[in-house]
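So the structure is just underneath, and the comments pick up after that.
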Amino acid sequence: MDCIRIRGGQPLRGRVEIDGAKNAALPLMAASLLTDQPVTLARYPELGDTRSMLALLRRLGVEVTPAGPCSRSLALVTRRVASTTADYDLVRRMRASVLVLGPLLVRSGQAEISLPGGCAIGTRPIDLHLRALADLGAVIDLEGGYVRARAPRQGLRGARIRFAQVSVGATENALMAAVLARGETRIENAAREPEVADLAQCLTAMGAGIEGIGTSTLQVQGDTAFRPASHRILGDRIEAGSYAAGALITGGRIELAGAPADAMTATLDVLRSVGARIELSPDAVVVGRSGALTATEVETGVYPAFPTDMQAQLMAVLCLAGGRSRIVENIFENRFMHVSELVRMGARIRVRGRAAEIDGVRKLLAAPVMATDLRASLSLVLAALAAEGESVIRRVYHLDRGYSRLEAKLQAVGATIRRAAEDGET
Ligand code: EPZ
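FYI, this note's numbering numbers position 268 of the sequence shown as 466, with every residue one higher than the one before it.
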C-alpha cells in the first residue's frame, strides 16, 4: 500500500482545475442502465470509485467507450442487460453500487444487490431505498446478504413516495426507477443536493419528464421514451471546498477553476466566517485569507446546509483558528475518525457524542498518521500541509477513491508532496 509524504509550511498559491463531481458521476453512470440509447458524460472524473462503478456496469452489460476529443468524456450504452446481480466483491468496495438497484429493477424487472454493509463513517442502511421501490410496486426479499427485488409482470407503477428522512442515494434510486414506472410518481422530502439535480437534468436530456428539480418535491412522468443524450457533469463542490481549505490553512491563495460556486454557498459562507477572502469570477472561485483564522460554530446538515463531506476538512482548518470552535455532525454517526489522527499532530479536540470542540493551537507538528475514510484522509493532508516537518499519511487508497491527481494538483500550487511505497505497515 502506498503512503504520501508531505513537508508542510508553504502557502499554496496558484490554480487548481476542479473535476466533475464524484457524487454526480456515480448515479449518472448507473442511469445508463435505464436505456439502450447512448449516454455521453463529459467532465468524467477518473477516480477509484468511478473505476469501481465502471467494473460493476461492465459486468451488468454496459458498453463503455471514451467519447470525443477530451479524454474525460465517456459514452455508455446498455443494448441489453447481461446480468442483474451486483456481487458482494464489488459492492463491499463501494456502497454507491446500490445505485444500480433502481435502474436494473425497472429495466429488467429484477435485481440482486449485495447488501453494502457499513463503512468507517456509519452503518449506512438502505431501508429508505427499499421502501421507495416497494412503494413503486417492487417485491423485496433479503436473503444471504443480498437484496432481491422483483417488479410485477406489468412493471412498476407510479406512486406517491414520501421519505421519512432525507437520503441522497434513496432519492436517486427512486428517481431512476420512477422515470420508467407506468404513470406519474411524486417524490416528497427528496434530497436537494446539487448532484441529485444534476442527475435529474441528465434524465431530462435523456427524455424523462421531471418537475421540481432542485426542490424537495419531484414530480416524475414515467413511461419515458429515451433518446441519446450528452451531459456535462457538475463540478465537484467537495473537491473545490477541500482545496479552498488548503488555501486557508496554509495562508495562501488558490483559484478553483470550474468550481460550482452556486452549489457551494454554505461552504463559502463558513470559510468566510473563519477568515477566508473569496472572489467569484465567471469560471472560478478564488480563495485567499484575510488575516488570522478565527473560531466558528457549524452544524452539518442536508443541502443547502453545510455539507457533512466538508466536515473533516473544516476541522483541520479550525485546529489553527484562534479560540474554541464547535462542529456538530448531524448526518453520520461516526464521522470523527480523523480526530485522533489530528490530535497526534498536536491539535486540541474533544468529542462529545455528535459534537467536536476544537481549541485552536499555534501550530501543528508533522507525524506519521493513518487515513480511515475518504474525507478524513483529506483532512490529514490539509493538516500536514500546514504542519512543521514531514508527515507520512498511510492507507492513501482512501484518498484515491475521491480525489484525482491529488499530488500533481498540490505540487502545482507549491506543496512539497510525494507518493512513496509503504515503508512497512506498523
Ligand atoms: C451520499 O451518500 C454521498 N455519496 C455521501 O458522500 C454523502 O456524505 C451523503 O450522500 C450525505 O450527503 C454519494 O453520493 C455516492 P444518504 P448516501 O443516503 O446517499 C441514513 C463522500 O465522502 N440512511 O443521504 O449514502 C444514512 O445512514 C460520501 O463522497 C438511512 O438511514 O447518504 C445517513 O446517516 C460519503 N437509510 C443519512 O441517512 C437509508 O436507506 C444520509 O445518508 C439511506 C440513508
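Quick reminder that beta carbons are idealized off the backbone N, C-alpha and C, glycines included.
Note that the structure is a prediction, hence the values are computed from the model and not measured.
Using only the heavy atoms of the ligand MN, determine whether one of them is closer than 7 Å to the beta carbon of A240. In the structure shown, the ligand MN is absent; the only ligands present are the ligand EPZ.
Delimiting residues of the beta strand (DSSP E) encompassing A618: Judged by DSSP secondary structure, A618 falls within the beta strand (DSSP E) whose first and last residues are T614 to A619.
CB C438 to CB R213, shorter than 8 Å? For the sequence presented, residue 438 should be read as Ala rather than Cys. Not closer than 8 Å, so no.
My assumption, with CB atoms under 8 Å, is that A569 sits in contact with R593. Please give the rounded CB distance. Going by Cβ atoms, the distance from A569 to R593 rounds to 5 Å, so yes, they are a contact pair.
Specify the secondary structure class of I447 as computed by DSSP and reduced to three states. I447 falls in the helix class under three-state DSSP.
Can you tell me the Cα-Cα spacing of R542 and V567, whole angstroms? Each residue's alpha carbon lies about 8 Å from the other.
Would you identify the three-state DSSP class for V364, choosing helix, strand or coil? Note: V364 maps to coil in three-state DSSP.
Less than 7 Å separating the Cβ of R290 from some heavy atom of the ligand EPZ? The answer is no for R290.
May I ask whether a heavy atom of the ligand EPZ can be found less than 7 Å away from the beta carbon of V220? In the sequence under discussion, the amino acid at residue 220 is Lys, which differs from the Val named in the question. K220 Cβ: within cutoff of the ligand EPZ.
Identify which residue in L416, D217, M513 and L232 has its Cα closest to the Cα of H536. Ranking L416, D217, M513 and L232 by Cα distance to H536 puts M513 first.
Please identify the residue among V472, R470, A457 and L288 whose C-alpha is closest to the C-alpha of P480. Looking only at V472, R470, A457 and L288, the smallest Cα-Cα distance to P480 is reached by A457.
For the stretch 200 to 233, list the beta strand (DSSP E) runs that are entirely contained and at least 3 residues long, ordered along the chain. Counting only runs of 3 or more, we get 200 to 205 and 211 to 215.
Beta-carbon within less than 8 Å of I436's beta-carbon, same chain only, minus the 5 sequence neighbours each way: which residues are those? These residues qualify, in order along the chain: A219, K220, N221, P505, D507, M508, R573 and G600.
If you compare alpha carbons, which of Y286, V337 and L288 is closest to G307? Minimum Cα distance to G307 is reached at V337.
Report the three-state DSSP secondary structure of I637 (helix, strand or coil). In this structure the chain extends from 199 to 624, so residue 637 is not present and cannot be described.
In this structure, what does DSSP give as the bridge partners for T383? As DSSP reads the structure, T383 sits in a beta bridge with V418.
Presumed contact (8 Å Cβ cut-off) between G367 and H327, rounded CB distance: The beta-carbon distance between G367 and H327, rounded to whole angstroms, is 6 Å. This is short enough to meet the 8 Å contact definition.
R241: buried (16+ other C-beta within 10 angstroms of its C-beta) or exposed? So R241 counts as buried.
Look at the alpha carbon of S281 and the alpha carbon of L401, and state the distance between them as a whole number of angstroms. Approximately 23 Å, taken between the alpha carbons.
Report the residue from C201, D200, G206 and I202 whose alpha carbon sits nearest the alpha carbon of A585. Among C201, D200, G206 and I202, the Cα nearest to that of A585 is on G206.
Cβ-based neighbour list, S365, same chain, cut-off 7 Å, excluding 5 preceding and 5 following: Only L326 and A389 meet the Cβ criterion.
C-alpha gap between L469 and A372, whole angstroms: Note on geometry: alpha-carbon atoms of L469 and A372 lie some 34 Å from one another.
For the ligand EPZ, is there any heavy atom lying closer than 7 Å to the beta carbon of S365? At least one heavy atom of the ligand EPZ is nearer than 7 Å to the Cβ of S365, so yes.
Run through DSSP, which three-state label would T282 get? Residue state, collapsed to three classes: coil.
Between C517, H596 and F530, which lies nearest to R560 when the distance is taken from Cα to Cα? Among C517, H596 and F530, the Cα nearest to that of R560 is on C517.
With respect to 7 Å, is the separation between the Cβ of H327 and the closest non-hydrogen atom of the ligand EPZ below this value? Yes - the ligand EPZ has a heavy atom lying nearer than 7 Å to the Cβ of H327.
Would you call Y187 buried or exposed, if buried means 16 or more other Cβ atoms sit within 10 Å of its Cβ? Residue 187 lies beyond the stretch modelled for the chain, which goes from 199 to 624, so this question has no answer here.
Own chain, CB closer than 6 Å to A294, minus 5 neighbours either side, in chain order: L224, listed in sequence order.
Alpha carbon to alpha carbon, how far is E386 from G412? Our two residues, E386 and G412, have alpha carbons roughly 12 Å apart in a direct line.
When burial is assigned at 16 or more other CB atoms within 10 Å of the CB, is E527 buried or exposed? Around the beta-carbon of E527, 16 or more other beta-carbon atoms lie within 10 Å, marking it buried.
Apart from the five residues just before and just after G449, which ones in its own chain have a Cβ nearer than 7 Å to its Cβ? Exclusion of the five residues before and after G449 leaves P209 and R487 as the residues of its chain whose Cβ lies within less than 7 Å of its Cβ.
How would you call R305, buried or exposed, if buried means at least 16 neighbouring beta carbons within 10 angstroms? So R305 ends up on the buried side.
Separation of L302 from E261, as counted between CA atoms: Taking the straight line from one Cα to the other gives about 15 Å.
Is E393 near the ligand EPZ, going by C-beta to nearest heavy atom under 7 Å? Flag set: Cβ of E393 near the ligand EPZ.
Helix, strand or coil, according to DSSP, for E623 in the structure here? In this predicted model, E623 has a pLDDT of only 47, less than 50, meaning its place in the structure is not dependable enough to derive any value.
DSSP-derived helix/strand/coil call for A455: Collapsing the DSSP output to three states places A455 in a strand.
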